[in-house]
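Student: So that we are looking at the same thing, I have put the structure below in structure tokens.
2 protein chains.
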Amino acid sequence: MPPAKRPPKKAKPARKAAKKPATLPLRKSAPPTRVSPAVIDLGVLNVHLGYFVRRIQVWIFQDFIRRLAPIDISPAQFSVLVIIGANEGLSQSELAATLGIERARLVRMLHLLDRRGLTERLPSSADGRRHALRLTRAGQAQLRQAQTLAAQHEAGLLPKLGAERYRLLLEALREA
Amino acid sequence: MPPAKRPPKKAKPARKAAKKPATLPLRKSAPPTRVSPAVIDLGVLNVHLGYFVRRIQVWIFQDFIRRLAPIDISPAQFSVLVIIGANEGLSQSELAATLGIERARLVRMLHLLDRRGLTERLPSSADGRRHALRLTRAGQAQLRQAQTLAAQHEAGLLPKLGAERYRLLLEALREA
DNA sequence: CGAAGATTGTTGTCGAGGTCAACAATGTCT
DNA sequence: AGACATTGTTGACCTCGACAACAATCTTCG
């Protein structure tokens, strides 16, 4: 495909068409081109839970990333560190299953965390295939810091959602 | 990097170490390798709304994609079609802004929808830069079908979440 | 025991999306 | 008229999810 910046507009179709007469035309039919829609109708999206869940999820993650930017920990990395820290010695398959991510994806994530000196993959003494996952000392320290920042992020959600709505959502989703 | 399938395991460290004596050792220290964790501790993730929101969002989208697979409409495409259908003539910038996606991203999505004959980009009569977005006849038909399937998807959420929780979540998130 | 099958960690590859920068055409403001 | 903003567009990069294939290692069962 040739690198054309903007389809160079073949010809100029008669510009200067109708200009909206000062006397309002009684709304004959739907206006062909809106000028400034002011408010846009969401249509049936208003009755789709997935739409709103998606919106708030994106919003929360963006805030989380911004808060944890100083230590460069993504939401996914945070969840991995938390689970390993609370379940020392678990395997990659177990970790991937509980977090709902692919084993292949987790491999590359751990590869990075290993190189950053936060996690370790020790050979399992019982099963030659497994790796026993652990946090290094540095990893534990980093996790503590991450949890502090994450708690601040969480506290920041309250004003946005309202304390009542926040409590309600957390409870409803945790039991879902 | 050389294509090595699995780090060929340099040497075999003394296999057959401790085998967990029948007499329980009074829990000297943390067990070095777990056998079957049965239940895994989520740690502080239990108090992070983002974790649960993410989980349910992934679940809902997967179900949506599966339901709409027969007509090959993704959640993002669905939202685009719905908004265009409910706001004929709006511009790409407006659409991108209301859905919270990048203008650049929307361009390629519309490029695809155009080629599938579902949407049109008409030149705006008032502003030479804008495109007035519209659904074609085929697009309107496709949207109706998509809405039927999407409604079935939505109805399928009720048994999963419980009618009460569903209503509660939708209401809380819509007003958030 | 030993062959067949399942599990675990790994790499490669593909595609969908988000992000950012640059750009041409057009509109607006002073 | 010139400076500036907006709109649509392309290109490039990166993250992430999904699959397929594979070597090493259990597990099962004849």
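Top line first, the protein sequences correspond to chains L and X. In terms of the numbering used here, the first sequence opens at residue 2 and continues consecutively. In terms of the numbering used here, the second sequence opens at residue 2 and continues consecutively. We put the beta carbon where it would ideally sit given N, CA and C, even for glycine. Quantities reported herein were computed from a predicted structural model and do not represent experimental measurements.
#1: As a quick exercise: from X:Q146, X:L43, X:A152, X:Q143, pick the residue whose alpha carbon is nearest that of E89 of chain L.
#2: So E95 of chain L is in the alpha helix (DSSP H); what residue range does that whole segment cover?
#3: Taking CB distances under 9 Å as the criterion, tell me whether G140 of chain L reaches chain X.
#4: With a CB to CB cut of under 8 Å and the five nearest residues on each side skipped, what residues in its chain are close to L158 of chain X?
#5: Anything in the stretch 64 to 86 of chain L with a Cβ closer than 7 Å to a Cβ of chain X? List those residues in chain order, please.
#6: Under 9 Å, do L150 of chain X and I102 of chain X count as touching if we go by C-beta distance?
#7: For chain L, check one thing: does any of its Cβ atoms lie closer than 9 Å to the Cβ of L170 of chain X?
#8: Along the chain, where does the alpha helix (DSSP H) containing H112 of chain X start, and where does it finish?
#9: Tell me whether S92 of chain L is buried or exposed, calling it buried when 16 or more other Cβ atoms sit within 10 Å of its Cβ.
#10: Could you give the first and the last residue of the continuous alpha helix (DSSP H) run that contains A151 of chain X?
#11: So, helix, strand or coil for R131 of chain L, using DSSP?
#12: Rounded to whole angstroms, what's the CA-CA distance from P76 of chain L to V59 of chain L? Just pull it up for me.
#13: Quick check: the Cα distance between L162 of chain L and A177 of chain X, rounded to an integer number of angstroms?
#14: Counting only the same chain and skipping the five closest in sequence on each side, list residues whose C-beta sits under 6 Å from that of L114 of chain X.
#15: Mind listing the chain L neighbours of H112 of chain X? Cutoff is C-beta to C-beta under 9 Å, in chain order.
#16: May I ask which residues mark the beginning and end of the beta strand (DSSP E) holding P124 of chain X?
#17: Which of the residues in the stretch 87 to 112 of chain L, read from start to end, lie with their CB under 7 Å from any CB of chain X?
#18: Along chain L, in chain order, which residues have C-beta atoms closer than 7 Å to that of A173 of chain X?
#19: List the residues of chain X that A177 of chain L touches, going by C-beta distances under 7 Å, in chain order.
#20: Quick one: residues in its chain with C-beta nearer than 7 Å to the C-beta of H154 of chain L, no 5 flanking neighbours on either side, listed in chain order?
#21: Is the shortest distance between the beta-carbon of L150 of chain L and the beta-carbons of chain X less than 9 Å?
#22: State yes or no: is the C-beta of M110 of chain X within less than 9 Å of the C-beta of V83 of chain X?
#23: Here's the rule I'm using: 16 or more other beta-carbon atoms within 10 Å means buried, otherwise exposed. How should S94 of chain L be labelled?
#24: So V81 of chain L is in the alpha helix (DSSP H); what residue range does that whole segment cover?
#25: From E172 of chain L to T137 of chain L, what does the alpha carbon distance come to, in whole angstroms?
#26: Would you give the residue range spanned by the alpha helix (DSSP H) that D64 of chain L belongs to?
#27: Looking at the C-beta of D42 of chain L, does it have a partner C-beta in chain X at a distance below 9 Å?
#28: What's the call for H112 of chain L, buried or exposed, on a 16-neighbour Cβ count within 10 Å?
#29: What does the Cβ neighbour count give for L123 of chain L, buried or exposed, with the cut at 16 atoms within 10 Å?
#30: Do you know how far the Cα of A156 of chain L is from the Cα of S125 of chain L?
Tutor: If we stick to the structure as given:
#1: Nearest of X:Q146, X:L43, X:A152, X:Q143 to E89 of chain L, Cα basis: X:L43.
#2: Taken as a continuous stretch (DSSP letters only), the alpha helix (DSSP H) holding E95 of chain L covers 93 to 100.
#3: It does not: the Cβ of G140 of chain L has no partner Cβ on chain X nearer than 9 Å.
#4: Counting only Cβ-Cβ distances below 8 Å, and skipping sequence neighbours, we find I61, D64, Y167.
#5: Taking 7 Å as the Cβ-Cβ cut-off against chain X, the residues of the stretch 64 to 86 of chain L that qualify are F65, P76, S80, V83, I84, G86.
#6: Result no, Cβ atoms of L150 of chain X and I102 of chain X do not sit closer than 9 Å.
#7: Chain L places a beta carbon closer than 9 Å to that of L170 of chain X, counting this residue as a contact.
#8: Counting along the chain, the alpha helix (DSSP H) containing H112 of chain X begins and ends at 104 to 116.
#9: Residue environment: S92 of chain L is assigned as buried (16 or more neighbouring CB atoms within 10 Å of its CB, all protein chains considered).
#10: Start and end: 138 to 162.
#11: Assignment of R131 of chain L by DSSP, reduced to helix, strand and coil, places it in the coil class.
#12: Rounded to whole angstroms, P76 of chain L to V59 of chain L spans 11 Å at the Cα level.
#13: About 6 Å.
#14: Excluding positions up to five away in sequence, the list reads T120.
#15: Those within 9 Å of H112 of chain X in chain L number zero; the least Cβ separation is about 11 Å.
#16: That run of the beta strand (DSSP E) goes 120 to 124.
#17: So the close ones are A87, N88, E89, G90, L91, E95, T99, G101.
#18: Neighbours of A173 of chain X on chain L, chain order: R166, L169, L170.
#19: Result: I57, L162, R166.
#20: So the list reads D64, F65, R68, once near-sequence residues are dropped.
#21: No, its Cβ sits nowhere closer than 9 Å to a Cβ of chain X.
#22: No. Outside cutoff.
#23: Exposed is the call here.
#24: Where V81 of chain L is concerned, the enclosing alpha helix (DSSP H) stretches over 76 to 87.
#25: Going by the C-alpha atoms only, they are around 33 Å apart.
#26: Per DSSP, D64 of chain L belongs to the alpha helix (DSSP H) from 50 to 68.
#27: Yes, its Cβ sits closer than 9 Å to a Cβ of chain X.
#28: Exposed, by the Cβ-count rule.
#29: Result: exposed.
#30: C-alpha separation (whole angstroms): 39 Å.
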